[in-house]
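Here the structure comes first, spelled out in structure tokens, and everything after it is commentary.
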Amino acid sequence: LLLSGRSAVMKGLADFMAAETGITTVVADPFEHIQCEDRAISRQYLHEIGPAMVVAVGLALRDMV
821 LLLSGRSAVM KGLADFMAAE TGITTVVADP FEHIQCEDRA ISRQYLHEIG PAMVVAVGLA
881 LRDMV
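Here my numbering runs 820 ahead of the position in the sequence shown, where the first position is 1.
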């Protein structure tokens, strides 16, 4: 199960969903396999905003694939 959106980062949500459904649950990170050349943007920052940016990243990559 892949959680995305702002509420996906609620403390304990992924563990709760996994326990309730019996399905491995992770928080989405659309930047996981994207390289960023700008050193001003930290990986930690991208990891924090990632769940809220799933749709935006998907749309941005749409014409690249």
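C-beta atoms are modelled at their ideal positions from N, C-alpha and C, and glycine is treated no differently.
C-alpha gap between Ala772 and Val846, whole angstroms: With the chain covering 821 to 885 only, the question about residue 772 has no answer from this structure.
Three-state secondary structure assigned by DSSP to Leu823: In this structure, DSSP gives Leu823 an extended state, which the three-state scheme calls strand.
Residue interval of the alpha helix (DSSP H) (run including Gly878): 874–881
Span separating the alpha-carbon of Met837 from that of Leu822: 10 Å
Where Asp849 falls, given that 16 or more other Cβ within 10 Å makes a residue buried: Under this definition Asp849 is a buried residue.
Whole-angstrom C-beta distance between Pro871 and Ala839, which should lie under 8 Å: So it is not a contact: roughly 20 Å between Cβ atoms.
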